[in-house]
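So the structure is just underneath, and the comments pick up after that.
In this note's numbering, the protein residues as written are 111 to 635.
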């Protein structure tokens with residue numbers, strides 16, 4: 111068995127304003143080294159907290175629920191194990207937890223340009239596998255559905271492989287058939303602390319003949335429920351098969367402000383004293399609507415044409431429909447950019463294109479740092495690398511509920527959450543994701559200045575109030591922050607007691623991430 115060679119400390123201060131401080135950090139680079147870490151933890155009664163890259167921003171980053179833990183940093187496990195076998199006929203990558211969006215994108219661009227994968231709107235340096243295991247949502251669908259055939263080091267120090275990977279890596283079924291034979295154990299290792307996933311099969315996506323982004327701007331916000339129901343119908347029919355993102359005005363403007371400001375400053379010579387006002391005018395010109403959606407359509411040219419026509423038929427009466435691709439954006443920019451200094455409308459729209467271009471690429475499998483750059487820009491560090499977000503003054507907490515696929519119900523819930531946030535002095539930044547054919551999820555967050563202790567306390571009080579409201583409505587978040595875990599898990603609930611019993615099977619000494627999506631210790635009889 112391999113011997114762990116790398117150990118140091120890591121600061122766990124993060125954008126939520128919870129946790130923080132230096133923790134001992136072990137850095138295994140192989141599955142054998144992970145096993146050695148688990149065996150040592152069992153011998154010495156050490157709690158291990160595995161992180162892939164630790165960029166789980168807004169949920170706690172690398173900070174564990176149990177702050178008396180040793181971090182197990184898996185970012186050095188960054189191999190695409192079957193790189194030589196990937197092809198159009200075998201579109202599956204066997205990835206380790208340290209493989210980032212940037213790494214896989216660059217590998218595919220260079221070696222397999224006909225393949226892509228389901229990217230998220232977070233940074234290029236985030237872990238693909240870490241996000242999938244916490245049930246993150248990409249632009250094509252839930253990442254949970256992209257992953258199968260897990261390799262896990264359990265809390266017993268055993269190596270368990272699910273599906274047909276149990277037959278060995280040389281089996282022609284190991285990286286192809288997602289179900290295996292017998293009970294499917296894969297799901298036990300999503301949002302759980304039963305073991306440490308050291309690799310998994312990731313489904314890749316063939317690049318379609320044509321791909322476009324469809325933006326729909328709701329003309330009358332009182333028709334939001336009808337708008338959501340229409341988008342849901344398009345999802346159920348398979349017209350918009352990917353994830354449609356419906357953002358409120360606060361989200362839309364926050365997503366564009368940095369790109370617009372940079373364009374106005376660099377390309378239009380707008381000085382610092384006038385920049386904010388000019389950017390606000392540009393936003394008012396190009397994004398005046400309270401709710402705007404963005405989704406992708408892909409397939410043959412005929413399929414895309416038919417899908418666009420159906421979107422217009424269903425929603426064209428109540429929403430402005432805009433269809434764009436790389437070529438249209440480039441053409442628009444070439445026409446508008448030369449007129450930027452003589453025509454305010456042209457300047458505003460050229461700035462909007464500059465801001466939209468990296469976001470448009472998400473639906474086509476091109477990851478970007480744009481969302482994180484916007485946060486760094488807002489908090490005065492526009493030149494900082496996205497991976498350094500936790501070191502900035504940006505404060506960010508998520509309260510992300512799963513919601514029924516019912517437009518009226520969603521409108522009522524989001525209106526109440528928005529008004530509650532306002533009572534605490536906060537804007538609520540909301541994206542409603544049509545993730546499945548039966549439900550929505552909301553990506554809702556608060557922003558605050560983390561250098562202000564009162565602002566940190568106020569944001570957490572607001573987040574807690576929003577969460578309690580959701581629970582009062584029979585709802586729950588679909589992903590949880592580290593600071594929520596203790597209250598989230600009810601020792602009297604038969605569900606969580608069963609989860610604990612499963613924990614005792616895979617990790618009898620409770621060394622792996624105690625308290626993460628589980629009881630922190632054995633419940634009383």
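Even for Gly, the Cβ is constructed at its ideal location relative to N, Cα and C.
Keep in mind it's a predicted model, so treat the numbers as computed, not measured.
Exercise. With burial defined as no fewer than 16 other Cβ atoms inside 10 Å of the residue's Cβ, what is the status of residue 289: buried or exposed?
Worked result: Residue 289 is classed as exposed because its beta carbon has fewer than 16 other beta carbons within 10 Å across all chains shown.
Exercise. From which residue to which residue does the alpha helix (DSSP H) around residue 508 run?
Worked result: Per DSSP, residue 508 belongs to no alpha helix (DSSP H); it is in the beta strand (DSSP E), 504-508.
Exercise. Under a three-way DSSP split, which group does residue 471 fall into?
Worked result: It is helical.
For this session: May I ask which residues mark the beginning and end of the beta strand (DSSP E) holding residue 450?
Result: No beta strand (DSSP E) holds residue 450; DSSP gives it neither H nor E.
Exercise. Do the region 517-528 and the region 322-341 make contact, defined as three or more Cβ pairs closer than 8 Å?
Worked result: The region 517-528 vs the region 322-341: in contact.
Exercise. Buried or exposed: which applies to residue 608, given that a residue is buried once 16 or more other Cβ atoms fall within 10 Å of its Cβ?
Worked result: Counting C-beta atoms within 10 angstroms of its own C-beta, residue 608 has fewer than 16 neighbours from the protein chains shown and is therefore classed as exposed.
Problem set entry | Anticipated Cβ contact below 8 Å, residue 395 with residue 362, distance rounded | Their Cβ separation, rounded to whole angstroms, is 13 Å, which puts residue 395 and residue 362 out of contact at 8 Å.
Exercise. In three-state terms, what does DSSP make of residue 166?
Worked result: Coil, per DSSP.
Problem set entry | Continuous alpha helix (DSSP H) stretch holding residue 610: start and end | Its alpha helix (DSSP H) spans residues 604-616.
Exercise. Excluding sequence positions up to five away, which residues of its chain have a Cβ less than 8 Å from the Cβ of residue 545?
Worked result: These residues qualify, in order along the chain: 247, 251, 252, 353 and 551.
Exercise. Among the residues of its own chain, which have a CB less than 6 Å from the CB of residue 261, if the five just before and after it don't count?
Worked result: Excluding sequence neighbours, residue 261 sits near 271, 308 and 309.
Exercise. Is the region 232-242 in contact with the region 201-215, if contact means three or more CB pairs nearer than 8 Å?
Worked result: A contact exists between the region 232-242 and the region 201-215.
Exercise. At which residues does the beta strand (DSSP E) containing residue 371 begin and terminate?
Worked result: Not the beta strand (DSSP E): residue 371 falls in the alpha helix (DSSP H), residues 359-378.
For this session: Decide if the region 175-185 is in contact with the region 124-141; the criterion is three or more beta carbon pairs, one per stretch, under 8 Å apart.
Result: Judged by Cβ distances under 8 Å, the region 175-185 makes contact with the region 124-141, as three or more pairs qualify.
For this session: Indicate the three-state DSSP secondary structure (helix, strand or coil) for residue 128 in the structure shown.
Result: The answer is coil: DSSP assigns residue 128 none of H, G, I, E or B.
Exercise. Are the region 342-357 and the region 368-375 in contact at 8 Å, needing three or more beta carbon pairs?
Worked result: Between the region 342-357 and the region 368-375, the count of Cβ pairs shorter than 8 Å is below three; the stretches do not touch.
Exercise. How big is the Cα-Cα spacing for residue 459 and residue 422?
Worked result: Cα to Cα, residue 459 sits roughly 23 Å from residue 422.
Problem set entry | Alpha-carbon to alpha-carbon, residue 159 and residue 255 | If I take the Cα positions, the gap works out to 25 Å.
Exercise. From this set, 171, 376 and 224, which residue's C-alpha is nearest residue 201's C-alpha?
Worked result: Proximity to residue 201 across 171, 376 and 224 peaks at 224, based on C-alpha coordinates.
Exercise. Can you give the Cα-Cα distance for residue 516 and residue 585, rounded to whole angstroms?
Worked result: Residue 516 and residue 585 have their C-alpha atoms roughly 14 Å apart.
Problem set entry | Euclidean distance between Cα positions of residue 600 and residue 606 | Distance between the alpha carbons of residue 600 and residue 606 is about 7 Å.
For this session: Decide yes or no for the touch test of the region 495-505 against the region 379-397: beta carbon pairs closer than 8 Å, at least 3 of them.
Result: No: the two stretches stay apart, fewer than three of their Cβ pairs being nearer than 8 Å.
Exercise. From 147, 593 and 623, pick the residue whose C-alpha is nearest to that of residue 167; which is it?
Worked result: That would be 593, whose Cα lies nearest to the Cα of residue 167.
For this session: Grab the span of the beta strand (DSSP E) containing residue 271 for me, first residue to last.
Result: Segment 269-271, the beta strand (DSSP E) holding residue 271.
Exercise. Beta carbon of residue 145, beta carbon of residue 621: below 8 Å?
Worked result: The answer is no: Cβ separation not under 8 Å.
Problem set entry | Member of 506, 425 and 226 whose CA lies at the smallest distance from the CA of residue 539 | For residue 539, the nearest C-alpha among the options comes from 506.
Exercise. Among 378, 450, 284 and 189, which residue has its Cα nearest to the Cα of residue 217?
Worked result: 189 is the residue among 378, 450, 284 and 189 whose C-alpha sits nearest the C-alpha of residue 217.
Problem set entry | residue 517 (DSSP reduced to helix, strand or coil) | Reduced to three states, the DSSP call for residue 517 is helix.
Exercise. Could you give the uninterrupted runs of the alpha helix (DSSP H) lying entirely in the region 214-277, keeping only those of 4 residues or more?
Worked result: Complete alpha helix (DSSP H) runs here, min 4: 238-243.
Exercise. Do residue 409 and residue 346 have their CB atoms nearer than 8 Å?
Worked result: Cβ atoms of residue 409 and residue 346: not closer than 8 Å.
Exercise. For residue 456, which residues of its own chain have a beta-carbon under 7 Å away from its beta-carbon, when the five flanking residues on both sides are left out?
Worked result: Same-chain partners within the cutoff: 446, 449 and 450.
Exercise. Is residue 576 closer than 8 Å to residue 531 when the C-beta atoms are compared?
Worked result: Yes. Within cutoff.
Problem set entry | Best match in 560, 231, 342 and 569 for proximity to residue 477 [C-alpha to C-alpha] | The residue with the shortest Cα to Cα distance from residue 477 is 231.
Problem set entry | Cβ distance (whole Å) where residue 157 is taken to contact residue 633 below 8 Å | That pair is no contact at about 18 Å.
For this session: Rounded to whole angstroms, what's the CA-CA distance from residue 452 to residue 581? Just pull it up for me.
Result: Whole-angstrom Cα-Cα distance: 53 Å.
Exercise. What does a CB cutoff of less than 7 Å around residue 275 pick up in its chain, not counting 5 residues either side in sequence?
Worked result: 259, 261 and 284.
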